[in-house]
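Protein chains: 2
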Amino acid sequence: MKMKLGAKNCLYPMLTVLVGAHVNGKPNFITIAHVGIMDLGSISIGMAKAHYTNAGIKENGTFSVNIPSVDLVKETDYCGIASGKSADKARLFEIFYGGLKTAPLIKQCPLNMECKLIKTVDFPKHDVFVGEIVETHCDDRVLTDGVVDFAKVQPILFAMNDRGYWKLGDRFAKAWSVGSELKTQ
Amino acid sequence: MKMKLGAKNCLYPMLTVLVGAHVNGKPNFITIAHVGIMDLGSISIGMAKAHYTNAGIKENGTFSVNIPSVDLVKETDYCGIASGKSADKARLFEIFYGGLKTAPLIKQCPLNMECKLIKTVDFPKHDVFVGEIVETHCDDRVLTDGVVDFAKVQPILFAMNDRGYWKLGDRFAKAWSVGSELKTQ
Chain A
1 MKMKLGAKNC LYPMLTVLVG AHVNGKPNFI TIAHVGIMDL GSISIGMAKA HYTNAGIKEN
61 GTFSVNIPSV DLVKETDYCG IASGKSADKA RLFEIFYGGL KTAPLIKQCP LNMECKLIKT
121 VDFPKHDVFV GEIVETHCDD RVLTDGVVDF AKVQPILFAM NDRGYWKLGD RFAKAWSVGS
181 ELKTQ
Chain B
1001 MKMKLGAKNC LYPMLTVLVG AHVNGKPNFI TIAHVGIMDL GSISIGMAKA HYTNAGIKEN
1061 GTFSVNIPSV DLVKETDYCG IASGKSADKA RLFEIFYGGL KTAPLIKQCP LNMECKLIKT
1121 VDFPKHDVFV GEIVETHCDD RVLTDGVVDF AKVQPILFAM NDRGYWKLGD RFAKAWSVGS
1181 ELKTQ
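Protein sequences, first through last, are from chains A and B. Just so you know, we're using the working numbering here: the first sequence kicks off at 1 and counts up by one. Just so you know, we're using the working numbering here: the second sequence kicks off at 1001 and counts up by one.
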């Protein structure tokens, strides 16, 4: 039976990422699961305006998106609990840089995207930063035949509804393929 | 070992949804996995400008976001293959409406959100429609103690990298909790 939940956001689970930025000249990381894909080459991160990291992204026009595996769940959760105002969260990670010198990347995360800020979409209490991906770094161990294999990445998915972290399950069907049999012509 | 992949979007897997809209006065559905969360109450769908559905969303200022379960994978994939220009995709589903009379909802999907278009973010080849969720409909069978249980929803996750559909795995940790032990004070 259908029932009404009110205006409840159920667009979950979403991928949990560690967003990196330089704030006051130092690398800082924050956990964000309110992410999105805009077009093929650009992605969004929705960040409450109260966060410490927002000013650094605005100042430098750069940020990184690092995708942690399930074995980093404690560090990932911690970066969503502690604020860079008072905690040095970068101490948890081995950091490296690509071409953007204010987009710190986390070595322990199997996937890292360097992003150039191209738009900021304003919401009453949130900045949605849209970044163009300029380079992606990858652990070679998560590739299968040269393609990123999410079974090896083991990303952390997040649902607000139960405030839970979820694992990825199995790949079970091929896109632009499995539905072909429903074509009428 | 880290290697560079170029500017490769790896923000996957993402939730696969069926977006509903009225186009030329008739309900139509399109499969989108380039979705996002902007702030708590609003979500985005990134849709190539060439799609048939975009004009309907712009005309009516409404759309729906329906979350299919894995047992709807054929119908879901088909709605990403066939165009509403030539195919009647609504024939596949039992449709109902909430308060927005131009946001068709799919009964077979366990979660349905009615959205009012509040922003359109323009990209060279994509419209990113941002919708404020105004009502959410839910099958009571996917609730556990009154909360949406994604183990029951069985959403379809999508990765562009391998063009694959993936299942959700297990809930394995509690957010704003599992990382507390890393606090230094």
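Here a beta-carbon is modelled for each residue, glycine too, at the ideal position from N, C-alpha and C.
Can you name the residues that DSSP bridges to D127(A)? Walking along the first sequence from the start, residue 127(A) turns up at place 127. Beta-bridge pairing links D127(A) to M47(A), D122(A).
If we cut at 8 Å on Cβ distances, does C1010(B) have a partner in chain A? Counting from one through the second sequence, the residue named residue 1010(B) turns up at place 10. Closer than 8 Å: yes.
Spell out a yes or no on whether the segment 68-77 of chain A and the segment 36-49 of chain A are touching, meaning 3 or more CB-CB pairs, one atom from each, closer than 8 Å. no
Return the Cβ separation of M1014(B) and V1130(B) in integer angstroms, given the expectation that the two are a contact with Cβ distance under 8 Å. Sequence index remark: in the second sequence, residue 1014(B) carries index 14 (1-based). Sequence index remark: in the second sequence, residue 1130(B) carries index 130 (1-based). With a Cβ gap of about 16 Å, M1014(B) and V1130(B) do not count as contacting.
What number of angstroms, rounded off, separates the C-alpha of D170(A) from the C-alpha of G1164(B)? The residue labelled residue 170(A) in the question sits at position 170 within the first sequence. The residue labelled residue 1164(B) in the question sits at position 164 within the second sequence. Near 10 Å, if we compare the C-alpha coordinates of G1164(B) and D170(A).
Which chain B residues sit within Cβ distance under 7 Å of D39(A)? Reading the first sequence from its first residue, position 39 is the one you call residue 39(A). Those are G1046, F1123, K1125, H1126, listed as they occur along chain B.
Selection of the segment 1055-1079 of chain B by Cβ proximity to chain A, strictly under 8 Å: V1065, I1067, V1070, V1073, K1074, E1075, T1076, D1077, Y1078, C1079
Beta carbon of M3(A), beta carbon of C1138(B): below 8 Å? Against the first sequence, residue 3(A) aligns to sequence position 3. Against the second sequence, residue 1138(B) aligns to sequence position 138. Against a cut-off of 8 Å, the Cβ pair of C1138(B) and M3(A) comes out as a contact.
Please look up how many angstroms separate the CB atoms of L1018(B) and N1060(B), rounded, as I've assumed it's under 8 Å. Position 18 of the second sequence, counted from the start, is the residue given in the question as residue 1018(B). Position 60 of the second sequence, counted from the start, is the residue given in the question as residue 1060(B). The Cβ separation is near 17 Å, so there is no contact.
Where G1179(B) and I81(A) are concerned, what is the direct C-alpha to C-alpha distance, given to the nearest angstrom? Here residue 1179(B) refers to the residue found at position 179 of the second sequence. Here residue 81(A) refers to the residue found at position 81 of the first sequence. When rounded, the distance between both Cα atoms is 8 Å.
According to the neighbour-count rule (16 or more other Cβ atoms, all chains shown, within 10 Å of its Cβ), is G1036(B) buried or exposed? On the second sequence, position 36 is the one that residue 1036(B) refers to. With 16 or more other Cβ atoms within 10 Å, it is buried.
F1029(B) beta carbon less than 8 Å from that of K1101(B): As a first step, residue 1101(B) is located in the second sequence; it is residue number 101 there, counting from the start. As a first step, residue 1029(B) is located in the second sequence; it is residue number 29 there, counting from the start. In this structure, F1029(B) does not lie closer than 8 Å to K1101(B) by Cβ.
Residues near F1123(B) in its chain [Cβ-Cβ closer than 8 Å; skip 5 each side]: As a working mapping, residue 1123(B) is identified with position 123 in the second sequence. Excluding positions up to five away in sequence, the list reads G1046.
Beta-carbon proximity check, G1099(B) vs V1023(B), cutoff 8 Å: Reading the second sequence from its first residue, position 99 is the one you call residue 1099(B). Reading the second sequence from its first residue, position 23 is the one you call residue 1023(B). No. Outside cutoff.
Let me see if you follow: with CB-CB separation under 8 Å, is H34(A) close to chain B or not? Stepping through the first sequence from its first residue, residue 34(A) is reached at position 34. So, interface residue.
Contact set between T120(A) and chain B, taken where Cβ atoms lie within less than 8 Å: What you label residue 120(A) is simply residue 120 of the first sequence in a count that begins at 1. The contacting residues do not exist; T120(A) stays about 11 Å from chain B at best.
Kindly list, in the order they appear in chain B, the residues whose Cβ is closer than 9 Å to that of K85(A). What you label residue 85(A) is simply residue 85 of the first sequence in a count that begins at 1. Residues of chain B passing the Cβ test: none, with the nearest at roughly 13 Å.
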